[in-house]
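Input: a single structure, listed below in structure tokens.
In this note's numbering, the protein residues as written are -13 to 82.
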């Protein structure tokens, strides 16, 4: 399978975004800013990005633990993913 340079760069950016998101999750969780488990995804960024690269825009994703990277890999918003960890209404699940 041939992947053009622009797509590869987009994939690399998403891996970088996931890594930085996870580092921030560890930081704020360690500071006690939200409760519950954090389950970092560090070291698995390419898995989410590679899997989500094969999906269509209309395909759904569902994860269990260690799945913070998947919505970001699919092009989701980092701020909404972080809001989700805090249980805020501006998160993907609207605080539920």
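Cβ atoms here follow ideal geometry from the backbone N, Cα and C, with glycine treated the same way. Predicted model only: the values in this text are computed from it and were never measured.
One alpha carbon belongs to residue 73, the other to residue 39, and they sit about 28 Å apart. In the structure shown, residue 59 adopts helical secondary structure according to DSSP, grouped into three states. Only residues of its own chain outside the window of five on either side were considered, and among them 77, 78, 79 have a CB closer than 7 Å to the CB of residue 70, listed in chain order.
Membership of residue 6 in the alpha helix (DSSP H) is indicated by the continuous run -9 to 16. Annotation: the continuous alpha helix (DSSP H) that includes residue 72 extends over 64 to 72. Scanning its chain for C-beta atoms nearer than 7 Å, with the 5 sequence neighbours on each side dropped, one finds around residue 66 the residues 76, 77, 78, in chain order. In summary, residue -13 is exposed, with fewer than 16 beta-carbon neighbours lying within 10 Å of its beta-carbon over all protein chains present. The segment 9 to 19 and the segment 33 to 49 do not touch, with fewer than 3 CB-CB distances between them shorter than 8 Å.
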